[in-house]
Amino acid sequence: MAPEDFNANGWVIVGRHVRPCRFCEMTKNLLDACGFNYTFLSYDNHPIFKKFLSEQGLTTVPQIYHQGKRVGGYDQLGAYIASLEGVA
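Our numbering numbers the first residue of the sequence shown as 3 and each following residue consecutively.
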């Protein structure tokens with residue numbers, strides 16, 4: 003998957019897994035608890051994703067995308083999910 007493919011997927015998380023990332027794990031746990039499927043892309047294995055984040059001026063992970071829209075990090079995820087529930 004390339005960054006330009008994010009629009010084709012529901013939830014995409016760009017993070018890391020080599021060094022423990024507490025917020026990456028918390029993000030996955032929250033999406034799991036809500037029953038959402040997601041794709042986790044580790045920039046440890048795919049440097050293109052680290053470059054993608056850098057080009058956008060993003061320096062922290064996770065960065066979360068939903069249907070091509072950047073949600074933000076873990077701190078923004080809860081409010082974003084709540085806004086989706088209000089629409090349903």
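Glycine included, each C-beta is placed from N, C-alpha and C at the ideal position.
Quick caveat: nothing in here was measured; it's all calculated off a predicted structure.
Output the distance between the C-alpha atoms of SER44 and GLY88, rounded to the nearest integer angstrom. 31 Å
Using the Cβ count rule (16 or more neighbours within 10 Å means buried), how would you classify LYS1? This structure cannot settle anything about residue 1, because the visible part of the chain is limited to 3 through 90.
Worksheet item: Closest by CA to PHE42, which one among GLN58, GLY80, PHE25, GLU57?
Response: PHE25
Going by other Cβ atoms of all chains shown within 10 Å of its Cβ, with 16 needed for buried, is GLY37 buried or exposed?
exposed
- From which residue to which residue does the alpha helix (DSSP H) around ARG72 run? Taken as a continuous stretch (DSSP letters only), ARG72 belongs to no alpha helix (DSSP H), being part of the beta strand (DSSP E) at 71-74.
- prompt: In terms of alpha-carbon separation, which member of LEU33, TYR76, VAL16 lies closest to ASN47?
  reply: VAL16
Review point. Can you name, in chain order, every residue of its own chain whose Cβ lies under 7 Å from the Cβ of TYR76, other than the five neighbours on each side?
Key: PHE25, MET28, THR29, PRO64
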